[in-house]
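Numbering (my numbering), first residue to last: 86 to 177.
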């Protein structure tokens, strides 16, 4: 079961964080050509039927570096606990 998931994740699933290519395509350097082809297809579609396009097409430009979950704050997995020493308290 685990290997099937790894194969799917690496070779079939297209990730939004790497512009909808698979990790395998990115690792093997195939993503540049795929993104150039997508850009050409979107550009041709927009020229052929401009009335269907209100906004710019998706940005298919290749990115040298990508980061995962950049917008998510890192939360500690355990609650913060402060050790208190009895001498810190006033017992009066």
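Even for Gly, the Cβ is constructed at its ideal location relative to N, Cα and C.
As the structure is a computational prediction, the values presented were derived from the model and not from experiment.
Q: For residue 142, count neighbouring Cβ atoms within 10 angstroms of its own Cβ and tell me buried if that reaches 16, exposed if not.
A: exposed
Q: In the DSSP assignment, find the alpha helix (DSSP H) that holds residue 93 and state where it starts and stops.
A: First-last of the alpha helix (DSSP H) with residue 93: 87 to 96.
**Q.** Cut-off 8 Å between Cβ atoms - residues of its own chain near residue 99, not counting five sequence neighbours on either side
**A.** 105, 106, 107
(Q) Quick check: what's the CA-CA separation for residue 111 versus residue 135? (A) Roughly 31 Å separates the two Cα atoms.
Q) Helix, strand or coil: which one does DSSP assign to residue 151? A) coil
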